Structure formats: structure tokens, C-alpha cells
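>
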Amino acid sequence: MKVRENWIDWAKSIGIMLVIMGHYGMGDKIYGTFIYAFHMPLFFIVSGYLFTPPPQDNSYKQFVLKNVRSLIVPYFIFGIFSVLASAALNFFSGGDYSVSFFMKSFAGLVLGVGYDTEYTVMNNMPLWFLPAMFFVRVISGFLSRYKSRVKIAVCAAGLIIVVLLHRYCLFLPFSAGSALLALPFFYAGAVAKRYGLLENFRNGEMLRLVVLFAVSAFVLYLSVYLNTGITDINSCKYNNMLLMFTGGISGTSAVFCVCIAFDGIRSKFITAVSDGTLMIMSLHVYGITVVWNFYKMIAGIAGPGGMDAFVSLPAAVVTAMMITAGLYYPIVFCRKRLPLLLGKAGKKPVGKGKTSLPG
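Numbered according to numbering that gives the first Met the number 0, the sequence shown spans residues 0 to 358.
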């Protein structure tokens, strides 16, 4: 039985808060550009770090089925909920809840990409992460029996496919294109784990950790500065691919430094948020809607210009904290009664083994 790594819980908790902040209208701000540079790469790197390949026998089918239960089943559960919730919101706000809306919504759910197309609607765009992670894990599980050069060749071929998709404005269903773009991040985490690249910093002096953080933050800054525009694995928007990978890895490295510094601080709240990242990923857009309407009500009382204070980085931080806190008790309940909604179907009670990925 592997011991749970507390700093990983911190990394996942900080990562999911960055996701909420990024979706809180921060994409067009400079700090939003920095957040988008590494907040999703962080989750793929963490997943690679925690990844346990399937045994070298005939258990690959069971491995795939396990990932179907932990990622694809929750995807459709939260996806159907999102269609119904969006229809209800449209009904009360005067929006579209026609038969056409439902047809496009369910078509979008089956198509599995995190954005709208001409014929489909994706009501909950962050759900793209679940099928993308499924493909990343299934591909990695299959390749685990091969040598590193085969894995490198597959990653390179995948990136070539992504470039062609981007050039000709095409996409693969079920976020498979996003999975190909994310695969190198996953392997970066696996390599860090295999060769113990973080062990010297986890067991070393604080000065060494501070230096790594400073270098990582500086490289992140250069990557974002040189790679003009926002990067987004969901839509395979990478601008300069080398800079995208550099920014994603360096930003994640900076977060890891902070989390390793916090390793001695244990919190039930952080553990719960870490266990519930899949649920938070799947529901936070509705939390943002609720909080945003609350802000608008306060701004209406404040008068003209009242919303200015809520379109800011501090407001994004507060919103992320409110949403994660609001989902704390649902996560605790699901850990005991409905682990499927946390992507933990068929697993032993949380907290006694290694921490799992969002999904």
C-alpha cells in the first residue's frame, strides 16, 4: 500500500482553484494568460506522476474498463445533469429550451469536445477533460509494455496529428485531439516519478526549493511573454508548441515547489478538495453562475461602477474559495456514499492509499 502524498493533495487543490479562476472571466486578463499556461498541464503531469501501469498480463481490458467507470461514466452523468440544468436556467431566464436545444446538447455530449460546433452545443465545457484524460491513460497503459523510444515516437506522431488538425480546422471526437496534445505532459509527470526528480527538493534544504521556484517562475514568465496569446489544450490552441510545453511544465514546477513547502501542513479540507477535483471540475461553472449573479445583486445596490470590484483577480480568488468550500460537504458525502461521482468507483475508502487524479 502506497502512502498518500500530502503535497499532491495541495497541488490538486491549488490546481482546481486555478481552473475556477481561469473560467471566472480571467482568460482575457494577463494573469488569466498565465493561469491558462499551466493549470490543465498541471493535472496531466500529476496524473502521470501517480500513474500505475497495468500488469504485464491479460489485464489491459480490466484497466480500460476501470478507466471507463472512473472517467467516462462520470462524464455522462455530469453531462446529462448539465443539459437538464442548462435547460432549466434557460427556462427561467427566457433562453432556449426547445427540442432543438436538447438535440444539439445531447449530440454535443456524445461528440465529446469542449466547445460548441455548428450542429452541437456543449453546455458544460470543462467536461472535455474527462474523455481526454481517459484517452491519455488508456494510451499510456497500452504503451507501458514498450520501451521509451516507442513512447516518444507515439507522442511525436500525436503532436503531428494535432498540428494537422489545427491547420485544417478539424477535430477528433471525444477530445482525442486534446489527449494527444496533453500526452507529453502526462509522460513528463511519469518521468519525474520514475527518476525521483522531485525527491532532492522534497528532502533537501528550503533554499534549494526557493531557487527552483524562482527559476520555474522566470521560465514561465518568458514562455508566456514569448508565446503571444492564450494557450488551451481543450481547443488545441498552442501558438508555439515548444513554448506551450515549456510554460506548462515550468508553471507546474512552480506550483509543486509551493506544495512541497506546504507538505507538513495537513488539512481535512485540502484532502477533500483533492479527492473531489472531478466533481469540482464538473460543477464549478454553475457555481460561477450563482456567485456572479450574487455579485450583480450587490453591485446593483452599490450603484454605477459597482461591478468593477468583482472583475478582478481578488474576486476570482474569493470566488474559487467560495465554490470549493460550497462543495466540501457534497464531496464528503460522495466519498462515503457515491464514490462514482468522484471517479473512484470500485476503490477502497479514500485516504488510506495513494491519492487519485481528478477523475
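Beta carbons are placed, not taken as given, at the ideal position from N, Cα and C, and that holds for glycine. Predicted model only: the values in this text are computed from it and were never measured.
1. Can you list, in chain order, the residues of its chain whose CB lies under 6 Å from that of F50, leaving out five sequence neighbours each side?
2. Alpha carbon to alpha carbon, what distance is there between P130 and I71?
3. At what residues does the alpha helix (DSSP H) containing S104 begin and finish?
4. In terms of alpha-carbon separation, which member of V137, F133, L108, A187 lies closest to S147?
5. For the alpha helix (DSSP H) containing F141, list its first residue and its last residue.
6. Buried or exposed for K150, please, with buried defined as at least 16 other CB atoms from any protein chain shown within 10 angstroms of its CB.
7. If you draw a straight line from the C-alpha of Y237 to the C-alpha of I229, how long is it?
8. In chain order, what residues of the same chain lie with their CB nearer than 7 Å to the CB of G350, ignoring the 5 residues before and after it?
9. Can you say whether S97 is buried or exposed, counting buried as having 16 or more other CB atoms within 10 angstroms of its CB?
10. Could you tell me how far apart the beta carbons of I76 and V272 are, in whole angstroms, since I believe they sit closer than 8 Å?
11. Between R136, L206, G78, which has its C-alpha nearest L108's C-alpha?
12. Using the three-state DSSP reduction, which class does D231 fall into: helix, strand or coil?
13. For F90, is the classification buried or exposed, using 16 other Cβ atoms within 10 angstroms of its Cβ as the cut-off for buried?
14. Return yes when the Cβ of P125 is within less than 8 Å of the Cβ of H38, no when it is not.
15. Touch check for the region 41–58 and the region 128–143: three-plus C-beta pairs under 8 Å?
16. Please report the residue range of the alpha helix (DSSP H) in which Y30 lies.
17. Taking one C-beta from the region 204–217 and one from the region 252–264 each time, how about it: are there three or more such pairs within less than 8 Å?
18. Are the Cβ atoms of Y48 and K192 separated by less than 8 Å?
19. Could you tell me which of V331, M278, M20, M320 sits nearest to F128, measuring between CA atoms?
20. Buried or exposed: where does P172 fall if 16 or more other Cβ atoms within 10 Å of its Cβ makes it buried?
21. Compute the Euclidean distance between the alpha carbons of Y118 and F170, then round it to the nearest angstrom.
22. Under 8 Å by Cβ, that's how I've got G176 and C235 pegged, so tell me the actual separation to the nearest angstrom.
23. Return the Cβ separation of I19 and I322 in integer angstroms, given the expectation that the two are a contact with Cβ distance under 8 Å.
24. For K335, does the three-state DSSP call read helix, strand or coil?
On the basis of the data shown:
1. Position 51 of the sequence shown, counting from 1, holds the residue named residue 50. Result list for F50: A189, in chain order.
2. The sequence position of residue 71 within the sequence shown is 72, counting from 1. The sequence position of residue 130 within the sequence shown is 131, counting from 1. So the alpha carbons of these two residues sit roughly 6 Å apart.
3. Taking the sequence shown and counting its residues from 1, the one referred to as residue 104 is at position 105. Taken as a continuous stretch (DSSP letters only), the alpha helix (DSSP H) holding S104 covers 98–110.
4. If you number the sequence shown from 1, residue 147 lands on position 148. Considering only alpha carbons, the answer is A187.
5. Along the sequence shown, read from residue 1 onward, the residue named residue 141 stands at position 142. Residues 128–142.
6. Within the sequence shown, the letter at position 151 stands for residue 150. K150 comes out buried.
7. Locating residue 237 in the sequence shown gives position 238, where the first residue counts as 1. Locating residue 229 in the sequence shown gives position 230, where the first residue counts as 1. The straight-line gap from Cα to Cα measures roughly 8 Å.
8. Position 351 of the sequence shown, counting from 1, holds the residue named residue 350. Only weak support is given to the placement of G350: the predicted model assigns it a pLDDT of 46, under 50, and the question is left unresolved by the model.
9. As a working mapping, residue 97 is identified with position 98 in the sequence shown. The residue is exposed, with fewer than 16 neighbouring Cβ atoms inside 10 Å.
10. Here residue 76 is taken as the residue at index 77 of the sequence shown, counted from 1. Here residue 272 is taken as the residue at index 273 of the sequence shown, counted from 1. Contact doesn't hold; Cβ gap of about 20 Å is too wide.
11. As a position in the sequence shown, residue 108 is number 109, starting the count at 1. Considering only alpha carbons, the answer is G78.
12. Start at 1 with the first residue of the sequence shown, and residue 231 comes out as number 232. D231: strand per DSSP, three-state reduction.
13. As a first step, residue 90 must be located in the sequence shown, where it is residue number 91. The residue in question, F90, is exposed, as its Cβ has fewer than 16 Cβ neighbours within 10 Å.
14. For the purposes of this step, residue 38 is identified with residue 39 of the sequence shown, where counting begins at 1. For the purposes of this step, residue 125 is identified with residue 126 of the sequence shown, where counting begins at 1. No, Cβ-Cβ distance for H38 and P125 is not below 8 Å.
15. yes
16. Within the sequence shown, the letter at position 31 stands for residue 30. Counting along the chain, the alpha helix (DSSP H) containing Y30 begins and ends at 29–49.
17. yes
18. Locating residue 48 in the sequence shown gives position 49, counting from the first residue. Locating residue 192 in the sequence shown gives position 193, counting from the first residue. Result yes, Cβ atoms of Y48 and K192 sit closer than 8 Å.
19. For this step, residue 128 is matched to residue 129 along the sequence shown. Measuring from the Cα of F128, the nearest candidate turns out to be M278.
20. Against the sequence shown, residue 172 aligns to sequence position 173. So P172 counts as exposed.
21. Residue 118 sits at position 119 when you count from the first residue of the sequence shown. Residue 170 sits at position 171 when you count from the first residue of the sequence shown. Rounded to whole angstroms, Y118 to F170 spans 14 Å at the Cα level.
22. Here residue 176 refers to the residue found at position 177 of the sequence shown. Here residue 235 refers to the residue found at position 236 of the sequence shown. About 5 Å; that satisfies the 8 Å criterion.
23. By 1-based counting over the sequence shown, the position of residue 19 is 20. By 1-based counting over the sequence shown, the position of residue 322 is 323. About 6 Å; that satisfies the 8 Å criterion.
24. The residue given as residue 335 occupies position 336 in the sequence shown. Of the three classes helix, strand and coil, the one that applies to K335 here is helix, per DSSP.
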